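What follows is a set of notes on a single structure, which appears directly below.
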Ligand code: ATP
Ligand code: MG
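Numbering (our numbering), first residue to last: 73 to 276.
Structure (structure tokens):
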């Protein structure tokens, strides 16, 4: 390849990059609003709760407060809880007794979910809390422990700048419609199916 070819390729690359920058810059310039967001992280792939807990770290990084409500799997421990629970700007509530197939007690599961939801509602009314994570909330709707008619008004009436992240598989269409940002994480592969148990720091 000649030196001229290299020069031509560099120039073409520069022109493309400049055009790309113009497009990106125009989009950034057009996004001028601030808003408390509703995010839904759903799908069968791994990465929903850990992403939500990552946003807790981001929030704390700005000196703000976060509240996490762990529904359904409240009995399980995750590394993030151990790490964040003692932080002065974090409220971390376990509001579940475990998976339904573990507890096998619908009445107790519903009571735990409802008690958790009452605490979550208080956080959703507190303007000092910048981020509320409702981890595995979608299952409360799927199992009919709680209806969206009860959940949505509290979310809609929250402080203007408060962000809410809801995680869990099979998010209801109404929840997806109401959300500002929705990611459906696709399950491509998971080591569990290869016989690897949950690894500390990765899976819990
Ligand atoms: P994480 O907490 O790791 O972000 P998640 O919130 O997306 O995962 P959950 O359905 O809440 O997923 O399940 C949590 C646990 O189940 C984790 O140990 C995770 O690695 C595991 N897990 C998640 N998705 C799958 C899957 N598709 N197959 C097997 N195990 C999974
Ligand atoms: Mg999860």
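The C-beta atom is built at its ideal place from N, Cα and C for all residues, glycine as well. Computed from a predicted model, the values in this text were never measured in an experiment.
> Does the ligand MG have a heavy atom nearer than 7 Å to the CB of residue 165?
Replying inline: Outside the cutoff, so no.
>> Just to confirm my understanding: we take residue 117, look at its own chain, exclude 5 residues before and 5 after, and list those with CB closer than 6 Å. What are they?
In response: Closer than 6 Å at the Cβ level, and outside the excluded window around residue 117, lie 257, 258 and 259.
>> Is residue 241 close to the ligand ATP? I mean its beta-carbon at under 7 Å from any heavy atom of the ligand.
In response: The answer is yes for residue 241.
> Nearest to residue 192 by CA position, among 120, 119, 138 and 76, is which residue?
Replying inline: Residue nearest to residue 192 within the set 120, 119, 138 and 76 is 138 (criterion: CA-CA distance).
> Do the CB positions of residue 217 and residue 195 come within less than 8 Å of each other?
Replying inline: Not closer than 8 Å, so no.
> Taking DSSP as the reference, what is the three-state secondary structure of residue 255?
Replying inline: Residue 255 carries a strand assignment under DSSP once its states are collapsed to helix, strand and coil.
>> Taking its Cβ as the centre, do 16 or more other Cβ atoms sit within 10 Å of residue 130, making it buried, or is it exposed?
In response: Its Cβ having fewer than 16 others within 10 Å, residue 130 is exposed.
>> Please identify the residue among 224, 86 and 92 whose C-alpha is closest to the C-alpha of residue 238.
In response: Residue 224 is the option with its Cα nearest to residue 238.
>> Checking the sheet assignment: what are the DSSP bridge partners for residue 235?
In response: Residue 235 is bridged to 203.
>> Using the three-state DSSP reduction, which class does residue 193 fall into: helix, strand or coil?
In response: In the three-state reduction of the DSSP assignment, residue 193 falls in the helix class.
> Do residue 140 and residue 205 have their CB atoms nearer than 8 Å?
Replying inline: In this structure, the beta-carbon distance from residue 140 to residue 205 falls below 8 Å.
> Among 219, 242, 198 and 232, which residue has its Cα nearest to the Cα of residue 107?
Replying inline: Closest option to residue 107, Cα to Cα, is 232.
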